[in-house]
Structures are given as structure tokens and as C-alpha cells.
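In order, the protein sequences belong to chains A and B. Using the working numbering, you'd call the opening residue of the first sequence number 1 and step up by one each time. Using the working numbering, you'd call the opening residue of the second sequence number 318 and step up by one each time. Just so it is clear, CB atoms sit at the ideal spot from N, CA and C, and this is done for glycine as well. Please read the structure below before turning to the comments.
Number of protein chains: 2
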Amino acid sequence: MTDRSTATVDQGSNGVPEDPWTPFRDQLLAEGLLVPTGVDGLYGRSGTYESVADAMDRLVLRVGADQAASSVRFPPVMPWATFERNGYLESFPDQMGSVHTFRGDERDHAELLRRTEAGEDRGTLLETTDMVLCPAVCHPLYPTMGGVLPDGGRRVEVYGYCFRHEPSTDPFRMQAFRQHDYVYLGTPDGARHHRDLWLERGLEVLSGLGLEVASVVANDPFFGRPGRMLAANQRNEELKYEIVTPVYATQRQTAISSSNCHLDHFGSPFGIETPDGEVAHTSCFGFGVDRITLALLHRHGPDPDGWPAGVRTQLWP
Amino acid sequence: MTDRSTATVDQGSNGVPEDPWTPFRDQLLAEGLLVPTGVDGLYGRSGTYESVADAMDRLVLRVGADQAASSVRFPPVMPWATFERNGYLESFPDQMGSVHTFRGDERDHAELLRRTEAGEDRGTLLETTDMVLCPAVCHPLYPTMGGVLPDGGRRVEVYGYCFRHEPSTDPFRMQAFRQHDYVYLGTPDGARHHRDLWLERGLEVLSGLGLEVASVVANDPFFGRPGRMLAANQRNEELKYEIVTPVYATQRQTAISSSNCHLDHFGSPFGIETPDGEVAHTSCFGFGVDRITLALLHRHGPDPDGWPAGVRTQLWP
Numbered sequence: 001m002t003d004r005s006t007a008t009v010d011q012g013s014n015g016v017p018e019d020p021w022t023p024f025r026d027q028l029l030a031e032g033l034l035v036p037t038g039v040d041g042l043y044g045r046s047g048t049y050e051s052v053a054d055a056m057d058r059l060v061l062r063v064g065a066d067q068a069a070s071s072v073r074f075p076p077v078m079p080w081a082t083f084e085r086n087g088y089l090e091s092f093p094d095q096m097g098s099v100h101t102f103r104g105d106e107r108d109h110a111e112l113l114r115r116t117e118a119g120e121d122r123g124t125l126l127e128t129t130d131m132v133l134c135p136a137v138c139h140p141l142y143p144t145m146g147g148v149l150p151d152g153g154r155r156v157e158v159y160g161y162c163f164r165h166e167p168s169t170d171p172f173r174m175q176a177f178r179q180h181d182y183v184y185l186g187t188p189d190g191a192r193h194h195r196d197l198w199l200e201r202g203l204e205v206l207s208g209l210g211l212e213v214a215s216v217v218a219n220d221p222f223f224g225r226p227g228r229m230l231a232a233n234q235r236n237e238e239l240k241y242e243i244v245t246p247v248y249a250t251q252r253q254t255a256i257s258s259s260n261c262h263l264d265h266f267g268s269p270f271g272i273e274t275p276d277g278e279v280a281h282t283s284c285f286g287f288g289v290d291r292i293t294l295a296l297l298h299r300h301g302p303d304p305d306g307w308p309a310g311v312r313t314q315l316w317p
Numbered sequence: 318m319t320d321r322s323t324a325t326v327d328q329g330s331n332g333v334p335e336d337p338w339t340p341f342r343d344q345l346l347a348e349g350l351l352v353p354t355g356v357d358g359l360y361g362r363s364g365t366y367e368s369v370a371d372a373m374d375r376l377v378l379r380v381g382a383d384q385a386a387s388s389v390r391f392p393p394v395m396p397w398a399t400f401e402r403n404g405y406l407e408s409f410p411d412q413m414g415s416v417h418t419f420r421g422d423e424r425d426h427a428e429l430l431r432r433t434e435a436g437e438d439r440g441t442l443l444e445t446t447d448m449v450l451c452p453a454v455c456h457p458l459y460p461t462m463g464g465v466l467p468d469g470g471r472r473v474e475v476y477g478y479c480f481r482h483e484p485s486t487d488p489f490r491m492q493a494f495r496q497h498d499y500v501y502l503g504t505p506d507g508a509r510h511h512r513d514l515w516l517e518r519g520l521e522v523l524s525g526l527g528l529e530v531a532s533v534v535a536n537d538p539f540f541g542r543p544g545r546m547l548a549a550n551q552r553n554e555e556l557k558y559e560i561v562t563p564v565y566a567t568q569r570q571t572a573i574s575s576s577n578c579h580l581d582h583f584g585s586p587f588g589i590e591t592p593d594g595e596v597a598h599t600s601c602f603g604f605g606v607d608r609i610t611l612a613l614l615h616r617h618g619p620d621p622d623g624w625p626a627g628v629r630t631q632l633w634p
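What follows is the structure in C-alpha cells.
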């Protein structure tokens, strides 16, 4: 889920150019909905913020109740091997959160303390582990799905934390955020159908919450020159759609959900097959729970008790 | 929350020494409660497993409803600065999950891909960020609490993911796990009282779930030779208690909750003060939600529908 719109730069009241999100961010911090940690894109969230995120999570489950989907939850870190094999290392290296640790002795430890005290680089004293922060909530699922799928494919719902290294003061661009996905694994037609079904449902659910939404063809921010071709291809084949909503005084379009047709991108490396022996296709629809929470706070104000009755009934039936 | 008991090594049926947790782990995997990821201590969890963890989370909230605690949730990564300033880097460097990323160009990227393909070390091509995986759920809280506390101190409940780099096949020793804490910030007496109160409540809640529990003085696994002194001191001053329960055929004692008196360990570096200008003391009690879930599955069997009515009523009132 990404938003490639160009930020408009306004003049703040003190004459210094102001990011378009500054007033909204200031409000979130003043109301205590977000708690700053000192790292851009990393926040504590208040009980009120979380009550909206939790309500959204439960709404997603109600909306998907007819899907006979199995449920699985993964921790926020996943195997590096998955990251390497599913092509993420190749396409989005700059967004990674690789997990490193310390395996030295007391002498190395003393040097580590000295370097951090002196503000010197500690990187070379730390070693890689076999883990990486999970970049998309459905990624840990595919390696566990190897083998032959049942007739009609499989549907799985997954909820959890994702990490993308893209520090920003824009509250919509958190580095650690939550995504609630409905994943399909099966035939090419099934994958397209799943994507279309959920894109429609997503628009319905989100407009039912009083958000002005539209679906637009999109692309992921692939790395480097070869990435530009991959991005163009993704757009041409309409493999990725985002549901966007206008935020800030600039009406900047921000993605709050997205759908992806992966073709055989995951089926192939992880040996997922249809009953007739073809490589499985997969697709997923992801509700961006933190971005939706922020969009609701932006649209309806910082106090959910005062939100329109129709919106409250959807979230807290 | 740590368990320093020595594992007893049994002979498995095939004559190969078997870890005491192997039969339980095999059962969890066979029932699909845990889904292996290929990395020790990192699992997907089924809907059934999560229904117990969620019920435990809600039970903890009901038990603490009289505490007038505020709520905050932090993401699974926190600022490196917090990690450095709160002494964790000094005391537990070997458990860290430091977050590194890629900031190179296309040429570096090609080399990164070549090295991973060849199985060579990628570490030197990645750079440190200002983040680390959160080692204890209450750690991100303290830097946000700087300033003067109200009379009577503050109580905060925090729930979320922790990470400790200690790969193990013992399901009770996950690398990424969830902890639900009640934290107190205020006077030294208040901190002791909070600890005592919650240790008692914890024992009551957990024995009410049919678990055989006891509280024992404990210590954290401090690093290196100086660490041995710190650990001895922590025990002598009875700063840490764990609630333990016997698991496996060996009746091995495993910690499923813990309480800590931090003295001024967090108050001092983060400038937290009592109204009379003293450095605040803090204490916390943490329910180890994943370990409790596992202990319940171990004690009552893999199907929560079949658990004793009294246990079910506590979890799903």
C-alpha cells in the first residue's frame, strides 16, 4: 500500500514551508491519539485510537464471515529466507528491516558500548540473524501453503504488523503499521475474482464509514532502473489497485487499502499447486487498519464518541 | 520473563536424546495450533490459539479495571536511543534485534543479491537504523513519561510484541511473543505496593485458570561477568519475581508471568519525577500472554471447547 502522489508544499504561518500533514499531525499529538517516540513514523497510540483500530479489525472479520477463510497470525518478524525467495529483496531492498544481533564476547561488548557512547557506527559489531521485519502481512503465509490446494482453492485471513523503512513525519506513513488481509490461493480466474470481489467490498465498507473513496490502478515502488519496468508492467496489467481517500487541506490522495494479483509470484517459489497440477495463482486484499483509523480521525474528528451515528453503528454494532 | 531451569535430556523412542518439550511441540504442530516457519522460536498461530490469547488479553483488562490505568500500545520496534539509555544494551546485548536496512545504489544492490545467492554474509552491505526490536513491552513507555507525575503516581497498561534473540525449539521460548503489562510510576512505596498487589492478582488469575502456579524470586539473564553480580543483586533484593508453572513430563518450571521493581532505573534516565521532586520509582507486572496460552493448552489439552467449564467461564464470561 503506497501513495506516490507528490506532496504539495504550503507556507506555514511562520513563513517556513509546512508539510501538508502538519496541522493534522499536530492535532493527533495534541489530543494524545499518537504519542511521539522520537523516531519519525514510530508512535505510541492511545486507547481511543486503538478502540477504532480494533473496531475496524472486527468489522473486517464480519465483512469476510461468508468466505470460509481460515485464520492465521504471524509475529512481526519473519524468516529472511522468505524475504529472499519471494523477490522482496530484489524489488524493495531499501524498505527492509533486517534483524541483526550481538554474538561477541565481553571485550566486543565493551567496544560496542564505547562506540555507541562516542556516536560511532556499531553496525560492524553486530551480526545478521535469519530474520527480517515482515514487510507485508501475507508474506509469511505463502511458504506454509506449499503442496496441492483443495478444489476451489483456499482463503485465509491474516492480520498483523508490517514494517517498511520509510521514515516520514506524515502520520499516514508509519514505519510499523497493521494490515488485515484476505488472501486467495487457487486458479488464475479464482484469483482475479477474489480481487474484484474484495475491491468492491472494500469500497462499500469504507464508503459506509463516511469516507470519500475511489479505486485507482497503482504500482509498488520497485527499486532502481529495472524496477521502473516492473512498475510499468504492474500498471499495464492492472495487477494492483488501491483504494484512496483525499486527506489534508490539499485533498492529497492517500491509499488506505489495496488489492494485488500476484499471478504465480508466490505459487512458484513455494510450490503451491492447484489440483490439476498447475502452479497456483494468488491474490490478496488488504485493509490498511492504521491508515483507515487515521482517515476516520481526519474525516470525523478526534473524538469517536461524536462521530455520525451511521459510522458508529458500522464500527460498534 | 525468563526461565533458567536446566533442561533434562531424555532418550527419545529412537534412541536419540529428546528435548523434554518435543512431545508437546509435536502435538501443537500436529493440531495446527502453531505453524512452523523454518526459524526456531518463530511460528504462525491458528485461529484457535489466538482465541485463547485474545481471551487472556481481555481477562487481564477485566482484572485491572479498578486500576484507572491509561492505555497505550507501541509498535514492535522502538527507538535505539531508548534501548541505549535504559541500560538494555549494557545488560542484555545478546538478546537484541537491531534493525538494519539497505541504503546503497544499484551496484550495491547487485552485490547484495550476489552475496545472498552465494550464501555469503550480507551484513556489511546493510546499515544501522535508529530502531531496535522492542525487548519488553513497557520499555517504550518510560521515555514518554518524562516530567512530574501526579499525586498517587500513574498506572498504565501496555500490550504488545517483544523480541528476544534466543532461538530454541522449546515452544515456550518464542523469539517474538506478547506481554500484557500493568506499569506503575511514582514513589518507592507505591512501586512495591503495585508489585505486591499484582503478584497476588496474577497468582489468583492464573490458578483460577486451573494452572498450578507459584511465585519465585528470579533474576534476569544479565550478560557477562559483571552481569553475574547484577543478577545476584537482583535476587538478594528480591526485585524480580516470576510466576512459574510445571510443564512437560519433567515438571520443568516455566515462567508465565513476572513482576519487576525497577527502583529508579527508568525514572532517572528519562527524567520522571514525583510531585516532591524525587526521581520516580517504577514497577511492572507482565502477563506472558503467549506462555500462558501455551500453559493452558499444555494443561487442558489442544481443544479449548473441551476445557473445564470453570476455566472457560473465566476466559469467555
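Tell me which residue opens and which closes the alpha helix (DSSP H) that ARG73/A is part of.
For ARG73/A, no alpha helix (DSSP H) segment is defined; the enclosing uninterrupted segment is the beta strand (DSSP E) at 70-73.
Please confirm if MET229/A has its CB atom under 8 Å from at least one CB of chain B.
Using a Cβ-Cβ cut-off of 8 Å, MET229/A does not count as an interface residue toward chain B, since no Cβ of chain B sits closer than that to its own.
In chain A, which residues lie with their C-beta within 7 Å of the C-beta of GLU423/B?
The CB of GLU423/B comes closer than 7 Å to the CB of GLY224 and ARG225 in chain A, given here in chain order.
Under 8 Å, Cβ to Cβ, is there at least one residue of chain D near GLY440/B?
Annotation note: the requested chain D is absent from the structure, which comprises protein chains A and B.
The region 113-124 of chain A in contact with the region 238-253 of chain A per 3-pair CB rule at 8 Å
Judged by Cβ distances under 8 Å, the region 113-124 of chain A makes no contact with the region 238-253 of chain A, as fewer than three pairs qualify.
Quick one: residues in its chain with C-beta nearer than 7 Å to the C-beta of CYS578/B, no 5 flanking neighbours on either side, listed in chain order?
Only ALA508, ARG509, ARG512, LEU556 and SER600 meet the Cβ criterion.
Beta-carbon proximity list for SER5/A, same chain, < 6 Å, skipping 5 on both sides
The pLDDT assigned to SER5/A is 38, lower than 50, so where the model puts this residue is not dependable; a value taken from the coordinates is nonetheless given after this. Same-chain partners within the cutoff: ARG252 and GLN253.
Output, in sequence order along the chain, the residues in the region 130-147 of chain A whose CB is closer than 8 Å to any CB in chain B.
Look at the region 130-147 of chain A: the residues with a C-beta under 8 Å from a C-beta of chain B are ASP130, MET131, LEU133, PRO140, LEU141, PRO143 and THR144.
Cβ-based contacts, 8 Å cut-off: residues of the region 150-163 of chain A near chain B
If the cut-off is 8 Å between Cβ atoms, the region 150-163 of chain A has TYR161 and PHE163 near chain B.
Local Cβ density within 10 Å of ASN233/A, reported as buried at 16 or more and exposed below that:
Looking at its Cβ environment, which holds fewer than 16 other Cβ atoms inside 10 Å, ASN233/A is exposed.
By Cβ distance, which residues of its chain are closer than 7 Å to LEU126/A, with the 5 residues on each side in sequence left out?
If the five residues before and after LEU126/A are omitted, its C-beta is found closer than 7 Å to the C-beta atoms of HIS100, THR101 and PHE102, all from its own chain and listed in chain order.
What three-state label does DSSP hand GLY329/B in the structure shown?
Because the pLDDT of GLY329/B is 49, which lies under 50, any placement of that residue in the model is unreliable, and the question is left without a value.
Along chain B, which residues have their Cβ under 7 Å away from the Cβ of ALA81/A?
Under the 7 Å cutoff, chain B gives GLY355.
With 16 other Cβ atoms within 10 Å as the buried cut-off, status of GLU204/A:
When all chains shown are included, GLU204/A counts as exposed.
Cα-Cα separation between LEU29/A and PHE391/B, rounded to whole angstroms:
LEU29/A and PHE391/B have their C-alpha atoms roughly 15 Å apart.
Counting only beta-carbon atoms, is ALA176/A nearer than 8 Å to chain B?
Residue contact check for ALA176/A against chain B: a CB pair falls below 8 Å.
Would you check whether the ligand HEM has a heavy atom nearer than 7 Å to the C-beta of MET56/A?
With respect to small molecules bound, the structure shown includes none, and the ligand HEM cannot be examined in it.
Where SER51/A falls: helix, strand or coil (DSSP):
SER51/A: helix per DSSP, three-state reduction.
Mark ASP305/A as exposed unless 16 or more other C-beta atoms lie within 10 angstroms of its C-beta, in which case mark it buried.
Under a 10 Å Cβ-count criterion, ASP305/A is classified as exposed, with fewer than 16 other Cβ atoms of the shown protein chains found around its own Cβ.
Chain-ordered neighbours of HIS598/B on chain A, where CB pairs are closer than 8 Å
Contacts between HIS598/B and chain A, judged by CB atoms closer than 8 Å, are missing: the closest CB pair is about 22 Å apart.
Would you tell me roughly how many angstroms separate the C-alpha atoms of GLU200/A and SER258/A, rounded to the nearest one?
In this model, GLU200/A and SER258/A are separated by some 11 Å (Cα to Cα).
Take every Cβ of the region 378-397 of chain B, pair it with every Cβ of the region 448-467 of chain B, and state whether three or more of those distances are shorter than 8 Å.
Yes, the region 378-397 of chain B is in contact with the region 448-467 of chain B.
Please go through the same chain and pick out, in chain order, the residues whose beta-carbon is closer than 6 Å to the beta-carbon of ASP170/A, but skip the five residues on each side of it.
Here the set comprises TRP21.
CB-CB under 7 Å to LEU230/A, same chain, minus the five flanking residues each way: which ones, in chain order?
Result list for LEU230/A: SER91 and PHE222, in chain order.
On a Cα-Cα basis, can you pick out the residue from LEU209/A, ARG107/A and THR128/A that is closest to PRO308/A?
Here the closest residue by C-alpha is LEU209/A.
Do three or more CB pairs link the region 488-507 of chain B to the region 523-537 of chain B at distances below 8 Å?
Judged by Cβ distances under 8 Å, the region 488-507 of chain B makes no contact with the region 523-537 of chain B, as fewer than three pairs qualify.
For ALA65/A, count neighbouring C-beta atoms within 10 Å of its own C-beta (all shown protein chains included) and say buried if the count is 16 or more, exposed if not.
In the assembly as shown, ALA65/A is an exposed residue. Its beta-carbon has fewer than 16 other beta-carbons within 10 Å.
Buried versus exposed, by CB contacts within 10 Å (16 or more), GLU554/B
GLU554/B counts as exposed, since fewer than 16 other beta carbons sit within 10 angstroms of its beta carbon.
Which stretch, first to last residue, makes up the beta strand (DSSP E) that contains ASP447/B?
Element bounds for ASP447/B: 444-450.
Measuring alpha carbon to alpha carbon, tell me which residue in CYS455/B, PRO467/B, ASP620/B and LEU514/B is nearest ARG495/B.
Closest option to ARG495/B, Cα to Cα, is CYS455/B.
Taking the alpha-carbon of CYS479/B as reference, which of ARG424/B, VAL473/B and HIS497/B has the nearest alpha-carbon?
The residue from ARG424/B, VAL473/B and HIS497/B with its alpha-carbon nearest to that of CYS479/B is HIS497/B.
ASN536/B versus PRO36/A: straight-line alpha-carbon distance, rounded:
Near 32 Å, if we compare the C-alpha coordinates of PRO36/A and ASN536/B.
In chain order, what residues of the same chain have a beta carbon less than 6 Å from the beta carbon of HIS300/A, not counting five sequence neighbours either side?
Apart from sequence neighbours up to five positions away, the residues of its chain that approach HIS300/A with a beta-carbon distance below 6 Å are TRP307, ordered along the chain.
Would you mind giving the Cβ-Cβ distance between GLY440/B and THR128/A, rounded to the nearest angstrom? I have them listed as a contact below 8 Å.
Contact holds; Cβ gap of about 5 Å.
Skipping 5 residues on each side, what residues in its chain have a beta carbon closer than 8 Å to that of ARG312/A?
Take ARG312/A, set aside five residues on each side of it, and the residues of its chain with a beta-carbon closer than 8 Å to its own are PRO304, in chain order.
What does GLU84/A reach in chain B if we use C-beta pairs closer than 8 Å?
Going along chain B in sequence order, the residues near GLU84/A (Cβ under 8 Å) are THR433.
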